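For reference, the structure is listed below as structure tokens.
Residue numbers (the working numbering), protein chains in the order written: chain A, 3 to 382; chain B, 3 to 382.
So this is what it looks like as structure tokens:
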């Protein structure tokens with residue numbers, strides 16, 4: 003069966019599974035690096051494979067504008083274009099239209115926007131988003147939705163009605179059988195709206211469900227509470243995708259609350275800002291104390307960057323604005339998240355996830371909010 | 003014997019040999035990519051190894067200014083710092099002082115200059131250049147010399163006297179036995195000055211000799227004529243190094259005139275300007291005609307870039323200003339020159355170099371000067 007999700011083990015709410023796609027199985031929980039413009043920035047697809055990456059995300063909005071989805075279709079689709087033969091997920095373009103495009107007009111039919119590249123005018127509708135995503139040809143495609151600020155209940159309610167109507171139009175517009183269309187549960191931090199949204203979307207029996215509209219300004223406590231309430235509303239035999247989330251602590255807390263898929267620009271964006279993700283927290287190489295440091299970026303890490311170069315050398319590359327700094331830090335950051343996800347999966351299968359998560363969160367110092375949030379208490 | 007040069011075969015003036023260094027043998031003729039700031043821009047050392055690169059150049063001027071040669075010494079030397087365990091060559095810093103530094107005062111003792119990075123004041127002398135190069139610890143180091151404009155005879159004569167006096171001081175200043183100090187023959191395009199310079203330098207019995215002051219504004223015909231006259235003046239049992247030269251046609255013409263070593267920023271710099279070196283000439287991916295081209299960068303090329311991606315994809319990366327464009331084009335350009343050098347070596351050993359060179363120059367279209375220069379006629 004295409005797009006079958008096999009739940010291998012559930013432990014304390016955390017899940018290990020396998021999601022089948024036309025480009026191979028995805029072992030979950032999984033983190034997908036973001037390849038905005040059909041490239042995960044500063045890393046070759048062969049290196050992604052070596053790092054054990056299985057799923058890559060690409061952005062519909064960016065690829066529609068440049069080089070154009072019709073061109074990518076004519077060149078054999080996105081897999082061939084970017085030389086990635088593993089599974090790909092494309093977003094609907096909605097989030098970028100609402101956050102990146104210069105101006106916009108929203109009505110019940112769709113969204114007018116102006117390209118951030120050249121100022122040209124465009125219109126996305128649910129049907130248009132599906133058409134573009136079918137041209138790109140990813141394994142997983144997403145419903146076009148409206149993202150509203152998470153704490154404004156009136157705006158969220160209005161956007162929710164529209165998102166539901168658009169989800170129905172996306173289901174009807176879809177023509178390709180080799181793509182899985184995921185529904186997106188919205189509702190901000192309002193738990194009754196999340197219930198409404200989950201109930202509405204379940205009627206379409208989507209092969210997967212995303213939790214959208216989080217990590218957009220609400221507190222960590224609000225995000226975790228919303229997740230904890232929402233994931234049990236989703237069918238257990240379908241993968242659950244938390245969009246745009248990828249800090250190490252959020253990955254652990256997300257998995258602990260039953261999330262199977264994540265994506266985020268964090269590891270690649272931090273790398274281009276000279277920052278490394280480590281199991282102790284973030285490390286910024288611009289700090290002068292690393293100028294003479296002969297040790298590896300992260301002691302004990304087995305990635306090429308850490309087994310080959312010193313912090314002093316990596317800092318020199320950063321200070322000298324060398325491209326190799328981006329390459330080596332990106333490689334390390336993706337390796338760090340890959341290792342974390344693989345270890346969580348192994349722990350779930352071994353029945354030791356709660357211990358693993360607690361131990362990780364004890365030594366990891368997140369940015370901004372120093373107090374660790376408690377893991378959810380789930381009866382075994 | 004350290005730094006032994008074994009001449010395996012000479013054919014029509016072209017030479018195949020092996021130069022032994024503390025970090026392994028260098029099979030010649032060889033092209034050295036330039037790692038200005040202790041990194042060959044946009045490529046990992048592991049990839050350089052895979053491409054068959056044996057010798058890498060680094061710039062004394064840049065590393066002295068940032069991160070500092072004492073720091074590199076304290077961290078175990080340049081090989082360890084940049085994680086390159088093969089042979090390294092450092093230049094003397096002279097060329098950059100004369101071309102990059104903001105202002106300068108030259109006298110018989112040395113050169114005052116102002117850093118292009120932060121405006122700080124510095125002074126290089128022959129002794130200082132050797133001290134820095136000993137701190138860096140490359141296998142091959144160079145005499146500190148004065149570069150003058152190639153067609154101004156009076157300036158060249160004055161610089162030549164200084165260069166010779168400085169060479170003698172470099173020989174005296176040198177203390178490390180695990181580094182080979184090369185002399186640099188100067189004299190611009192004036193053949194009698196080249197004769198004087200070669201005769202003067204030969205008295206020091208250097209383990210290798212560079213031909214300096216070429217590819218700095220003179221015509222190709224002048225450069226080739228100067229080379230043709232100069233290389234026979236150098237001892238046959240020592241490697242000959244043509245500094246700062248690396249276009250495909252110059253490599254072929256240089257090898258045909260008895261040069262064994264080359265270095266140049268060309269393959270890496272062109273890559274960052276969206277240009278590829280191919281066996282037909284240069285190809286610039288900014289050209290709109292490549293936007294829909296499904297073919298490889300260079301048909302028949304076996305590098306990762308050409309066997310994996312289309313011109314349309316590579317052009318998209320260039321247009322979208324993606325770092326991966328630099329990585330993939332750098333990889334291809336270095337692969338192209340590596341292949342050319344390896345094929346020339348094979349041809350020399352097989353006794354077919356003249357045919358190989360003629361065939362290559364027949365299909366290769368150089369930039370700027372459309373008429374191919376004749377290969378030198380050397381009695382077999």
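Note that CB positions come from ideal geometry on N, CA and C, so glycine has one too. All figures in this text were calculated on a predicted structure; none of them were measured in a lab.
Local conformation of residue i per DSSP, three classes
i                     : result
residue 381 (chain B) : Summary for residue 381 (chain B): the model assigns pLDDT 45, below 50, so the residue's position carries little reliability, and this model does not support an answer.
residue 357 (chain A) : helix
residue 329 (chain A) : helix
residue 277 (chain B) : strand
residue 113 (chain A) : strand
residue 126 (chain A) : strand
residue 74 (chain A)  : helix
residue 146 (chain A) : coil
residue 264 (chain A) : strand
residue 317 (chain A) : helix
residue 226 (chain B) : helix
residue 383 (chain A) : Any question about residue 383 (chain A) goes unanswered here, given that chain A covers just 3 to 382.
residue 369 (chain A) : coil
residue 192 (chain B) : coil
residue 141 (chain A) : coil
residue 155 (chain A) : helix
residue 164 (chain A) : helix
residue 173 (chain A) : helix
residue 47 (chain A)  : helix
Buried/exposed call for residue i, threshold 16 Cβ in 10 Å
i                     : result
residue 198 (chain A) : buried
residue 61 (chain B)  : buried
residue 369 (chain B) : exposed
residue 265 (chain B) : buried
residue 300 (chain A) : buried
residue 121 (chain A) : exposed
residue 65 (chain B)  : buried
residue 48 (chain A)  : exposed
residue 340 (chain B) : buried
residue 87 (chain B)  : exposed
residue 223 (chain B) : exposed
residue 323 (chain A) : exposed
Per DSSP, cross-strand counterpart(s) of residue i
i                     : result
residue 12 (chain A)  : A:17
residue 92 (chain A)  : A:60
residue 30 (chain A)  : A:19
residue 286 (chain B) : B:277
residue 35 (chain B)  : B:266
residue 185 (chain B) : B:211
residue 108 (chain A) : A:113
residue 7 (chain B)   : B:21
CA nearest to the CA of residue i, picked from the options
i                     : options                       : result
residue 356 (chain A) : A:5, A:14, A:8 and A:31       : A:14
residue 11 (chain B)  : B:270, B:103, B:346 and B:189 : B:346
residue 94 (chain A)  : A:248, A:130 and A:81         : A:130
residue 18 (chain B)  : B:9, B:193, B:24 and B:255    : B:9
residue 70 (chain B)  : B:247, B:110, B:23 and B:139  : B:139
residue 1 (chain B)   : B:287, B:358 and B:361        : With chain B represented from 3 up to 382, any question about residue 1 (chain B) goes unanswered, as that position is not in the structure.
residue 108 (chain B) : B:118, B:310 and B:96         : B:96
residue 5 (chain A)   : A:196, A:141, A:37 and A:82   : A:141
residue 241 (chain A) : A:35, A:224, A:169 and A:259  : A:259
residue 384 (chain B) : B:252, B:267 and B:239        : There is simply no residue 384 (chain B) to check, as chain B begins at 3 and stops at 382 in what is shown.
residue 111 (chain B) : B:75, B:119, B:164 and B:98   : B:164
residue 56 (chain B)  : B:375, B:343 and B:365        : B:343
residue 118 (chain B) : B:257, B:68, B:295 and B:40   : B:68
residue 418 (chain B) : B:289, B:134 and B:366        : No answer is possible for residue 418 (chain B): it lies beyond the span of chain B, which begins at 3 and ends at 382.
residue 360 (chain B) : B:318, B:54, B:324 and B:257  : B:257
residue 280 (chain A) : A:208, A:102 and A:250        : A:250
Residues of the stretch 28 to 45 of chain B in Cβ contact with chain A at a cutoff of 8 Å, in chain order, please.
If the cut-off is 8 Å between Cβ atoms, the stretch 28 to 45 of chain B has 39, 40, 41, 43, 44 and 45 near chain A.
Check each residue of the stretch 310 to 322 of chain B: if its Cβ is closer than 7 Å to any Cβ of chain A, include it; give the result in chain order.
Taking 7 Å as the Cβ-Cβ cut-off against chain A, the residues of the stretch 310 to 322 of chain B that qualify are 310, 311, 312, 314, 315, 318, 319, 321 and 322.
Beta carbons nearer than 8 Å to chain B: which residues of the stretch 322 to 334 of chain A have them?
322, 324, 325, 326, 328, 329 and 330
Note down, in chain order, all residues in the stretch 294 to 309 of chain A with a beta-carbon under 8 Å from any beta-carbon belonging to chain B.
Hits within the stretch, in order: 294, 296 and 306.
Can you pull out the residues from the stretch 223 to 245 of chain A whose beta carbon lies closer than 7 Å to at least one beta carbon of chain B?
Cβ contacts with chain B come from no residue of the stretch 223 to 245 of chain A.
Along the stretch 176 to 190 of chain A, where does the CB come closer than 9 Å to a CB of chain B? Name the residues.
none
Scan the stretch 77 to 99 of chain A for residues whose Cβ lies nearer than 9 Å to a Cβ of chain B and list them as they occur along the chain.
77, 78, 82, 83, 84 and 85
Please name the residues in the stretch 258 to 278 of chain A whose beta-carbon is closer than 9 Å to at least one beta-carbon of chain B, in chain order.
Correct list: 274.
Determine which residues of the stretch 119 to 130 of chain B have a Cβ less than 8 Å from any Cβ of chain A, and write them out in chain order.
In summary, no residue of the stretch 119 to 130 of chain B has a CB separated from any CB of chain A by less than 8 Å.
Taking a Cβ distance cut-off of 7 Å, strictly less, list which residues of the stretch 51 to 73 of chain A are near chain B, in chain order.
Those would be 68, 69 and 73, in chain order.
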